[in-house]
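In my numbering, the protein residues as written are 569 to 902. Worksheet: one structure, shown below.
Have a look at this one:
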């Protein structure tokens, strides 16, 4: 059982991450590829392994898998908070991990799972080893996480809307209650099933909730209670990760031929509502580019916007939904 203890100050500092974190998704995705992974991810796992072989990055996957075993502990330095700002920011922070922290966290990892000899150099603080690990994470992300990023981001955004509604209607207690049954809020403590019995006292630092597409089985917290605290939790899906072939949404190719690939990605991402800035972050494009594509889709009658406070929330019109659903029906009938 894991118990997070809140003060009044912590309750004022709870927030939901703006989108999926690429480093957390990569680490959790590689853990799903273990032979003992859940059956519901079986087809995705098979396709991911095929893609790793096709791109010649199986060695990178083995390295990341050894660093982050599907066990009760894996190093916190693999998932720095900067990852919520994007892959490059996260990898830059990872490369800056102090040598003493590398040694300490890898020693804890070795207590739960034997590490390959390669990690001795990393534990000693060798920077070239750290660069190699960062590059391995990038290779795995590009091969098996990024192809599904649009769908993952859209699903996470839908979850964020659920949390926002719960916060609006029920305050912080409503937000935390909305995470049932995975988490149990009994003020001032948030409880959840966990591989080990732990208590974390937030002591005014607050908590970042990170919805995750590839998280499975239960929430995940950082092991070091002194770090800025996050709680990664599995999102509820109406479709599993096996719903479409690896390589992103099947609709992108036919839609891309009709309206252009980037606009197809924007349209697909707007199955959940989003601001221009959120679209830019999710799709890894500039804000100016996202704004231009949204404007074109709006002029075509596929997207409309609602002003809420100081921002505009974009979503699909009935015509936009019909276009997406029509492409899906044609693919399913093929």
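Note that the Cβ used here is the ideal one computed from N, Cα and C, for glycine as well.
Residue i by DSSP, collapsed to three states: which one?
i	result
residue 717	helix
residue 575	coil
residue 872	strand
residue 588	coil
residue 778	strand
residue 743	helix
residue 653	helix
residue 815	Only weak support is given to the placement of residue 815: the predicted model assigns it a pLDDT of 41, under 50, and the value that follows is read from those uncertain coordinates. Looking at residue 815 - three-state DSSP - the assignment turns out to be coil, as it is neither helix nor strand.
residue 625	coil
residue 580	coil
residue 636	coil
residue 859	helix
residue 738	helix
From the DSSP secondary-structure annotation, give me the bridge partner or partners of residue i.
i	result
residue 852	Paired residue(s): none; residue 852 is not in a bridge.
residue 752	759
residue 789	799
residue 883	872
residue 842	882
residue 570	760 and 766
Are the beta-carbon atoms belonging to residue i and residue j less than 9 Å from one another?
i	j	result
residue 612	residue 778	no
residue 791	residue 799	no
residue 718	residue 833	yes
residue 636	residue 650	no
residue 757	residue 574	yes
residue 780	residue 570	no
residue 640	residue 680	yes
residue 727	residue 803	yes
residue 579	residue 740	yes
residue 838	residue 827	no
residue 702	residue 663	yes
residue 589	residue 633	no
residue 743	residue 731	yes
residue 689	residue 668	no
residue 753	residue 765	no
residue 583	residue 774	yes
How is the alpha helix (DSSP H) around residue i delimited, first residue to last?
i	result
residue 761	Here residue 761 belongs to no alpha helix (DSSP H), and DSSP marks it neither H nor E.
residue 712	Element bounds for residue 712: n/a, residue is neither H nor E.
residue 835	829-837
Go to residue i, then tell me how far its beta strand (DSSP E) extends in each direction, as first and last residue.
i	result
residue 767	766-769
Consider the C-beta atom of residue i and the heavy atoms of the ligand GTP; say whether any pair is separated by less than 8 Å.
i	result
residue 862	Absence of the ligand GTP is noted for the structure shown, with no ligands found whatsoever.
My parser needs the beta strand (DSSP E) runs of 3 or more residues fully inside the region 661-734; what are they? none
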